[in-house]
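Visitor:
2 protein chains.
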Amino acid sequence: MSRFWNEKTNSIEPYVAGEQPKPGQKIIKLNTNENPYPATPKVSKVMENLDIGLLARYPETSSVMVREELAKYFGVRPEQVFCGNGSDEVLAFAFQAFFEAGENARPLLVPDISYSFYPVYASLYSIPLKKIPLKEDFSIDVEAFCQPEGGVAFANPNAPTSLKLPLTEVEKILKANPDHVVLVDEAYAAFSDETARVLLPKYKNLLVTGTLSKSHSLAGVRLGFAIGDEELIEGLCRIRDSFNSYPVDCIAQRVAAVTVEDKEWVAENVSKICATRDRIKEELRKRGWTMPDSKTNFLFAKPCGIGADSLYTKLREKGILVRYFNKPRINEYLRITIGTDEEMDALLKAVDEIAEGK
Amino acid sequence: MSRFWNEKTNSIEPYVAGEQPKPGQKIIKLNTNENPYPATPKVSKVMENLDIGLLARYPETSSVMVREELAKYFGVRPEQVFCGNGSDEVLAFAFQAFFEAGENARPLLVPDISYSFYPVYASLYSIPLKKIPLKEDFSIDVEAFCQPEGGVAFANPNAPTSLKLPLTEVEKILKANPDHVVLVDEAYAAFSDETARVLLPKYKNLLVTGTLSKSHSLAGVRLGFAIGDEELIEGLCRIRDSFNSYPVDCIAQRVAAVTVEDKEWVAENVSKICATRDRIKEELRKRGWTMPDSKTNFLFAKPCGIGADSLYTKLREKGILVRYFNKPRINEYLRITIGTDEEMDALLKAVDEIAEGK
């Protein structure tokens, strides 16, 4: 509280990001769904050849070089692509641009368990929110999203549940909300086998967001994007241009563009993670853990023989960070990011040691 | 207009940034107050030595390495420094954090002629605005700012007028608004001879913003900052953490830190601009132009023998971009960024040719 803060600043509950290691601290970081593998070697070339005179000039506003590469990669037109300073910024712009604000507005529909930044955006922008409970099996309750209000937002695959909603179900939600934007946050879709992008030609109300943080090993570079009808992209541009004319810096634009272009590297980067994920899932199941079949770069897993909170603490003591959400319904689970095979073997070893009381 | 945009998106008038050259286009760019000189050579070393593994991890949230360097540079504590993705983002956060929103709120006071992003932020965040006309000589009407409402924001030196409000006057405004934040936007203060930072120990309501875009030749890197009491910095952090946990990417943090550390280079970089500015001011005055004594890296200048709009167009045809604002009171002026000596000599030559009808 401060007398200089306005009402919103005093009342809002900011998002709490995953813990970061202190400089020099040796830890295995499996708590923020980063990719453990370094960026494509092509990035090094960008760095070496960068003309530092470029840094003195404002970057191109719309990140056109990234938009063009993303458009090629995804088979859309550059006019259908919007880039921002991480997908968090893109999501914030989308909430500001499309969902209704004010006490009398119709509420935005979101799952009660999903990316926990959504309620923060809703609060920041005074968007009334209606939280739709996930079903008992953590799947999204599609019927409830088919009673249209002021728009829809959900992650697919969802976080922290790691579950995918099949496209046929996504399409039902799109059909039932023809007059409002349905925001499908595909931060993890590269690790899945479906994407709502294929529905874009049919639905003008569909906005699909994504990020280079996970599949492209560029969390440090901050490049998020949205893909949708040009009308929606223009709406995002209007908000961007009312906030920060140059949200993506000139180095990030170049790094992102060469990375997206390096398709084979990206495919291999993703498939390594999926292989490790499926191996570790089986290993943990052998140990009596339960978890859904993840379609993401993390596991949403319920430990066996020990509480999730207790295991979280013990792993932390052993230098392994995972994410624990002390919230109803999910407080028996850990969200464990897929690291390298070596890191995941260290996790298994630590889990076994803890089970043996070591 | 789009049926998918909400009311705000439909009604807002976004900021219009200065024109950017098309790829390959050879122009002299004197329209967005960038620094014409390349970043410090130390930046090249950062690039060459960058571990690309770092890019796969989220950046440190608060840009602590930059905050520490800025704190040393400005003689404050790191806890008094906030960093964002360009000073536009920092300004937007400050508007969101401190000024009152809603129909019944007390208005924010801003000069009628100042950075034209302020009214856009006010509109985006539903902050009522009271525009205080500049005096006839373009100076800020201090008395009018001493009738407190919901806070104060102004640029000092002001843009596009290039005029400095003396610190004794700034202090009057601070004293008269003890219960609200007074935001002094010092984007151009490095080219002036005073800074409101010296008033920080006395005024808890003072927030000073700045940027590395101009004095530090890093417009492309996007690093803006705010300096103030820890309570104000905490307010900015609350808004940041409700918007984007990682606003400054990991490369930008390193580039900014080494640049701020390179004090001698920065001092020389600034003094070159000031010397060129004062020379060109005299040259233009010899040609009958009128302009205030600029305390910035641009001239706010009224051409002689030709209208500002007409000269703007003719310069553009000759490949020289300057900024023209078609707004009451300032539509007889051009805002001309100080480029290199060669660029400014080319400007003088073009001005002379146009005067001769060439």
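If you read the protein sequences in the order shown, they are chains A and B. Quick note: the first sequence uses the numbering used here, first residue 1, plus one each step. Quick note: the second sequence uses the numbering used here, first residue 359, plus one each step. Every residue gets a Cβ at the ideal spot worked out from N, C-alpha and C, and that includes glycine.
1. Of all the options B:Val680, B:Ile712 and B:Cys608, which has the alpha carbon lying nearest to the alpha carbon of serine 421 (chain B)?
2. By Cβ distance below 8 Å, which residues in the same chain neighbour isoleucine 12 (chain A) in space, the five residues on each side in sequence not counted?
3. So, at 6 Å on beta carbons, what are the nonlocal neighbours of valine 448 (chain B) in its own chain, with the 5 sequence-adjacent residues on each side left out?
4. Ends of the beta strand (DSSP E) at lysine 522 (chain B)?
5. Starting from alanine 332 (chain B), find everything on chain A with Cβ-Cβ shorter than 7 Å and list it in chain order.
6. Quick check on leucine 334 (chain A) - is its C-beta less than 8 Å from some C-beta in chain B?
7. My guess is that asparagine 364 (chain B) and threonine 695 (chain B) are in contact by the Cβ rule of under 8 Å, so how many angstroms apart are they, rounded?
8. Taking the alpha-carbon of serine 116 (chain A) as reference, which of A:Glu317, A:Val184 and A:Phe325 has the nearest alpha-carbon?
9. Less than 8 Å separating the beta-carbons of tyrosine 333 (chain A) and lysine 286 (chain A)?
10. Considering only the beta carbon of each residue, do leucine 108 (chain A) and alanine 153 (chain A) sit closer than 8 Å?
11. Confirm, please, whether the CB-CB distance from tyrosine 188 (chain A) to alanine 159 (chain A) is below 8 Å.
12. Using CA atoms only, rank isn't needed, just tell me which of A:Asn49, A:Val66 and A:Lys22 is closest to threonine 259 (chain A).
13. In terms of residue numbering, what span does the beta strand (DSSP E) encompassing valine 182 (chain A) cover?
14. Please state whether DSSP places proline 111 (chain A) in a helix, a strand or coil.
15. What is the DSSP secondary structure of valine 16 (chain A), reduced to helix, strand or coil?
16. Any idea which residues DSSP pairs alanine 511 (chain B) with across the strands?
17. Taking the C-alpha atoms as reference points, what is the distance between lysine 314 (chain A) and alanine 308 (chain A)?
18. Determine, using beta-carbon pairs with one atom in the segment 192-211 of chain A and one in the segment 36-53 of chain A, whether at least three such pairs fall under 8 Å.
19. Taking only beta-carbon positions, decide if leucine 232 (chain A) is within less than 8 Å of chain B.
20. Could you tell me whether any Cβ in chain B is nearer than 8 Å to the Cβ of glutamine 20 (chain A)?
21. State the Cα-Cα distance for the pair glutamine 147 (chain A) and glutamate 169 (chain A), rounded to the nearest angstrom.
22. Mind pulling the chain B residues with CB within less than 8 Å of cysteine 250 (chain A)?
23. Pull up the distance between the alpha-carbon of alanine 534 (chain B) and that of phenylalanine 503 (chain B), whole angstroms please.
24. Which residues of the segment 626-641 of chain B have a Cβ closer than 8 Å to any Cβ of chain A? Give them in chain order.
25. Between leucine 299 (chain A) and chain B, is the shortest Cβ-Cβ distance under 8 Å, so that the two count as touching?
26. Using DSSP with H/G/I as helix, E/B as strand and the rest coil, what is isoleucine 227 (chain A)?
27. On the criterion of 16 or more Cβ atoms from any shown chain inside 10 Å, does lysine 327 (chain A) qualify as buried, or is it exposed?
28. According to DSSP, is lysine 327 (chain A) helix, strand or coil?
29. Would you call threonine 290 (chain A) buried or exposed, if buried means 16 or more other Cβ atoms sit within 10 Å of its Cβ?
30. Express the C-alpha separation of phenylalanine 601 (chain B) and lysine 130 (chain A) in angstroms, rounding to a whole number.
31. Assuming threonine 9 (chain A) is part of the alpha helix (DSSP H), what are its boundary residues?
32. What are the complete alpha helix (DSSP H) segments, minimum 4 residues, inside the segment 260-335 of chain A?
33. Based on Cα-Cα distance, which residue from B:Ser629, B:Lys716, B:Gly715 and B:Tyr670 lies nearest to threonine 698 (chain B)?
34. Express the C-alpha separation of serine 2 (chain A) and glutamate 143 (chain A) in angstroms, rounding to a whole number.
35. Under DSSP, the alpha helix (DSSP H) around lysine 403 (chain B) begins and ends at which residues?
36. For aspartate 193 (chain A), count the other beta carbons within 10 Å of its own beta carbon; 16 or more makes it buried, fewer makes it exposed. Which is it?
Guide: Here's the rundown:
1. Taking the second sequence and counting its residues from 1, one reaches residue 421 (chain B) at position 63. Here the closest residue by C-alpha is B:Cys608.
2. For the purposes of this step, residue 12 (chain A) is taken as residue 12 along the first sequence, with counting starting at 1. Contacts found: Val120, Ser123 and Leu124.
3. Walking along the second sequence from the start, residue 448 (chain B) turns up at place 90. Gly442, Thr567, Gly582 and Ala584, listed in sequence order.
4. Along the second sequence, one-based indexing puts residue 522 (chain B) at 164. From DSSP, lysine 522 (chain B) is part of no beta strand (DSSP E); its letter is neither H nor E.
5. Absent from the structure is residue 332 (chain B), since the part of chain B shown begins at 359 and ends at 716.
6. For the purposes of this step, residue 334 (chain A) is taken as residue 334 along the first sequence, with counting starting at 1. It does not: the Cβ of leucine 334 (chain A) has no partner Cβ on chain B nearer than 8 Å.
7. Locating residue 364 (chain B) in the second sequence gives position 6, counting from the first residue. Locating residue 695 (chain B) in the second sequence gives position 337, counting from the first residue. Not quite, the Cβ-Cβ distance comes to about 36 Å (not below 8 Å), so this is no contact.
8. By 1-based counting over the first sequence, the position of residue 116 (chain A) is 116. Nearest C-alpha to serine 116 (chain A): A:Phe325.
9. Locating residue 333 (chain A) in the first sequence gives position 333, where the first residue counts as 1. Locating residue 286 (chain A) in the first sequence gives position 286, where the first residue counts as 1. No, they are not a contact pair.
10. Position 108 of the first sequence, counting from 1, holds the residue named residue 108 (chain A). Position 153 of the first sequence, counting from 1, holds the residue named residue 153 (chain A). For leucine 108 (chain A) and alanine 153 (chain A), yes; Cβs fall inside 8 Å.
11. Start at 1 with the first residue of the first sequence, and residue 159 (chain A) comes out as number 159. Start at 1 with the first residue of the first sequence, and residue 188 (chain A) comes out as number 188. Yes, Cβ-Cβ distance for alanine 159 (chain A) and tyrosine 188 (chain A) is below 8 Å.
12. For the purposes of this step, residue 259 (chain A) is taken as residue 259 along the first sequence, with counting starting at 1. For the residues A:Asn49, A:Val66 and A:Lys22, the minimum Cα distance to threonine 259 (chain A) belongs to A:Val66.
13. Indexing the first sequence from 1 puts residue 182 (chain A) at position 182. That run of the beta strand (DSSP E) goes 182-185.
14. If you number the first sequence from 1, residue 111 (chain A) lands on position 111. Proline 111 (chain A): strand per DSSP, three-state reduction.
15. The sequence position of residue 16 (chain A) within the first sequence is 16, counting from 1. Valine 16 (chain A) falls in the coil class under three-state DSSP.
16. Within the second sequence, residue 511 (chain B) is the residue found at index 153, counting from 1. Answer is B:Leu541, bridged to alanine 511 (chain B).
17. One-based indexing of the first sequence puts residue 314 (chain A) at position 314. One-based indexing of the first sequence puts residue 308 (chain A) at position 308. Looking at the two C-alpha atoms, the distance is approximately 10 Å.
18. no
19. Your numbering for residue 232 (chain A) matches position 232 in the first sequence. True, the Cβ-Cβ gap to chain B drops below 8 Å.
20. As a first step, residue 20 (chain A) is located in the first sequence; it is residue number 20 there, counting from the start. It does: the Cβ of glutamine 20 (chain A) has a partner Cβ on chain B nearer than 8 Å.
21. In the first sequence, counting from the first residue as 1, residue 147 (chain A) sits at position 147. In the first sequence, counting from the first residue as 1, residue 169 (chain A) sits at position 169. Rounded to whole angstroms, glutamine 147 (chain A) to glutamate 169 (chain A) spans 14 Å at the Cα level.
22. Counting from one through the first sequence, the residue named residue 250 (chain A) turns up at place 250. The answer, in chain order, is Gly578 and Val579.
23. What you label residue 534 (chain B) is simply residue 176 of the second sequence in a count that begins at 1. What you label residue 503 (chain B) is simply residue 145 of the second sequence in a count that begins at 1. Alanine 534 (chain B) and phenylalanine 503 (chain B): Cα-Cα distance of roughly 8 Å.
24. none
25. Taking the first residue of the first sequence as 1, we reach residue 299 (chain A) at position 299. Not an interface residue.
26. Here the question's residue 227 (chain A) lines up with position 227 in the first sequence. Correct three-state label for isoleucine 227 (chain A): strand.
27. Along the first sequence, read from residue 1 onward, the residue named residue 327 (chain A) stands at position 327. With fewer than 16 other Cβ atoms within 10 Å, it is exposed.
28. Residue 327 (chain A) sits at position 327 when you count from the first residue of the first sequence. Reduced to three states, the DSSP call for lysine 327 (chain A) is coil.
29. As a working mapping, residue 290 (chain A) is identified with position 290 in the first sequence. Answer is exposed; the Cβ neighbour count stays below 16.
30. In the first sequence, counting from the first residue as 1, residue 130 (chain A) sits at position 130. In the second sequence, counting from the first residue as 1, residue 601 (chain B) sits at position 243. Taking the straight line joining both Cα atoms gives about 20 Å.
31. Numbered from its first residue, the first sequence carries residue 9 (chain A) at position 9. 7-11 is the extent of the alpha helix (DSSP H) around threonine 9 (chain A).
32. 263-286 and 308-317
33. Position 340 of the second sequence holds residue 698 (chain B). Minimum Cα distance to threonine 698 (chain B) is reached at B:Ser629.
34. One-based indexing of the first sequence puts residue 143 (chain A) at position 143. One-based indexing of the first sequence puts residue 2 (chain A) at position 2. Computed Cα separation, rounded: 44 Å.
35. Here residue 403 (chain B) refers to the residue found at position 45 when the second sequence is read from its first residue. It spans 400-406 - the alpha helix (DSSP H) in which lysine 403 (chain B) sits, taken as one unbroken run.
36. Indexing the first sequence from 1 puts residue 193 (chain A) at position 193. Label assigned to aspartate 193 (chain A): exposed.
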